[in-house]
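A.B. asks: Here's a structure for you.
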Amino acid sequence: MKGLKKLALATAVAAAPFAAHAELQAMDDSTMGDVTGQAGVTIELETQVSIGEFTYTDEGTFSVKGIELGGALTSDSESAAAYADANEAGALLDQLKIDIDIADDGDAIIHVGSLQEDGEGNPVPIDWGMTADSMELEGNGDQNTVLVSNMDAWGLLGVLDIRVDTDDVGGEAGTGTLNIDTAFTVNEMNFDVEFLGIGVRGMSIEGSNAGGETLSQEELAAMFAEDPTDPSETEARLIGAAQQGFAVVSLDVYKGDGIGESSATDVLRVDVDDVLMDINVAETVIGGESIGAIGIDNLHISNTKMAVYGHE
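Numbering-wise, our numbering puts 171 at position 129 of the sequence shown, and it's gapless, one number per residue.
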């Protein structure tokens, strides 16, 4: 019983800046100050990004064309327009600040937070939007396959914490780990998979407690915490975000060896600690006609390891 009380207290403290906002809430400065304990540097930012074409070329080429990134109104969806009207959002990725601190052990601690506050002085989630004209495979001749087209999406960013941990990996001096913890939503995404004749309309990615079967605080703690009765500050913050309707992703990136019997060394390793989300598609179109809705409730990915490297 004592352990459950500690869990409730830790989660309540971590979730406070979320719960104060009716649905979704960003982490506040005082919580960040408790994490870093330092003054550090703050960068305030507003921006809009346009990329004509991004390409990756091996023998053939994968390309993404007509990329736009900004605020909610970068999306052409009606839901983005309604959110913008209600919350004075625009086409800029704005009201954003980046706090940077260097801890006494050398770790770099980066927190992306919101400049905007609601009427009660609580931070408002950062709205984002993006569009892409097409994603294509291109051969050296005239061969071309359009994989995805007409992509349009928008959502909210609640938490983005990045830590460059200077602890050596595998006993190798000078190495470290990039820890990423984020909580976000995709409120609406639409796109076409042209070469398969499939259209996706009204896709959303939200937290496990945004709808369907909800998870209790204890169940979330069992997923995210090494000690469910006494979660760390980071673990409690993720539990609080999941309770407030955010999809949660926590992963570690570092240089290491291959997986299992692989003989590969010095590869890019990505270890997925936890991914927890609901995915819903309001309408799936095949052959020009809707076949209905699709839902995935309480998708949880954990204990997942990837090794990425080149080959001849």
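Backbone N, C-alpha and C fix where the C-beta goes; we use that ideal spot for every residue, glycine too. Here the structure is a predicted model, which means the values were calculated and not measured.
Could you pull out every unbroken beta strand (DSSP E) segment of at least 3 residues lying fully inside the region 166 to 195, listed in chain order?
C.D. replies: Counting only runs of 3 or more, we get 168 to 180.
A.B. asks: Could you check which residue in Ile109, Gln137, Gly254 has the C-alpha nearest to that of threonine 89?
C.D. replies: The shortest Cα separation from threonine 89 among Ile109, Gln137, Gly254 belongs to Gln137.
A.B. asks: So within the region 261 to 334, which uninterrupted beta strand (DSSP E) runs reach at least 3 residues, ignoring any that extend past its ends?
C.D. replies: Listed in chain order, they are 289 to 298, 309 to 328.
A.B. asks: Starting from tyrosine 98, follow the beta strand (DSSP E) in both directions and report where the run begins and ends.
C.D. replies: Element bounds for tyrosine 98: 91 to 99.
A.B. asks: If we count Cβ pairs, one from each stretch, closer than 8 Å, do we get three or more for the region 112 to 123 versus the region 193 to 210?
C.D. replies: With the cut-off at 8 Å, the region 112 to 123 and the region 193 to 210 touch.
A.B. asks: From this set, Thr208, Asp313, Asn322, Thr256, which residue's C-alpha is nearest leucine 345's C-alpha?
C.D. replies: Checking the displayed sequence, the identity of residue 345 turns out to be asparagine instead of leucine. Asparagine 345 has its Cα closest to that of Asp313, out of Thr208, Asp313, Asn322, Thr256.
A.B. asks: Kindly indicate which three-state DSSP category glutamate 236 falls into: helix, strand or coil?
C.D. replies: Correct three-state label for glutamate 236: helix.
A.B. asks: Pick helix, strand or coil for threonine 217, following the three-state DSSP scheme.
C.D. replies: If DSSP states are grouped into helix, strand and coil, threonine 217 belongs with coil.
A.B. asks: Excluding sequence positions up to five away, which residues of its chain have a Cβ less than 6 Å from the Cβ of aspartate 299?
C.D. replies: These residues qualify, in order along the chain: Thr307.
A.B. asks: Please state whether the Cβ-Cβ distance between methionine 231 and leucine 318 is less than 9 Å.
C.D. replies: It is not a contact, given that the beta carbons lie outside the stated cut-off.
A.B. asks: Quick check: does the Cβ of isoleucine 301 come within less than 8 Å of any heavy atom belonging to the ligand COA?
C.D. replies: Looking at this structure, you won't find the ligand COA or any other ligand, since it has none at all.
A.B. asks: State the CB to CB distance for the pair alanine 263 and glycine 287, rounded to an integer number of angstroms; the pair is presumed to be in contact (CB under 8 Å).
C.D. replies: That pair is no contact at about 17 Å.
A.B. asks: Starting from serine 121 and walking both ways along the alpha helix (DSSP H), at which residues does that stretch end?
C.D. replies: Unbroken alpha helix (DSSP H) run through serine 121: 120 to 129.
A.B. asks: Nearest to serine 191 by alpha carbon, out of Ser92, Ile321, Leu280, Lys107?
C.D. replies: It is Lys107.
A.B. asks: Does the separation of the CB atoms of glutamate 260 and valine 188 fall below 9 Å?
C.D. replies: No.
A.B. asks: Can you list, in chain order, the residues of its chain whose CB lies under 7 Å from that of glycine 163, leaving out five sequence neighbours each side?
C.D. replies: For glycine 163, where only same-chain residues beyond five positions count, there are no Cβ hits under 7 Å.
A.B. asks: Establish whether the CB of glycine 213 and some CB of chain D are separated by less than 9 Å.
C.D. replies: Although the question refers to chain D, the structure presented lacks it and comprises just one protein chain.
A.B. asks: Measure the C-alpha to C-alpha separation of alanine 4 and threonine 227 and round it to an integer number of angstroms.
C.D. replies: The displayed coordinates of the chain run from 43 to 354. Any statement about residue 4 would go beyond what the structure contains.
A.B. asks: Check leucine 199 in the structure and name its three-state DSSP category.
C.D. replies: It is a strand residue.
A.B. asks: Report the option in Val350, Ile333, Ser246 whose CA atom is closest to the CA atom of aspartate 320.
C.D. replies: Answer by Cα proximity: Ser246.
A.B. asks: Determine the direct distance from the alpha carbon of glutamate 110 to that of valine 91, and round the result to whole angstroms.
C.D. replies: Going by the C-alpha atoms only, they are around 6 Å apart.
A.B. asks: Nearest-angstrom Cα distance between threonine 208 and arginine 279?
C.D. replies: So the two alpha carbons sit approximately 22 Å from each other.
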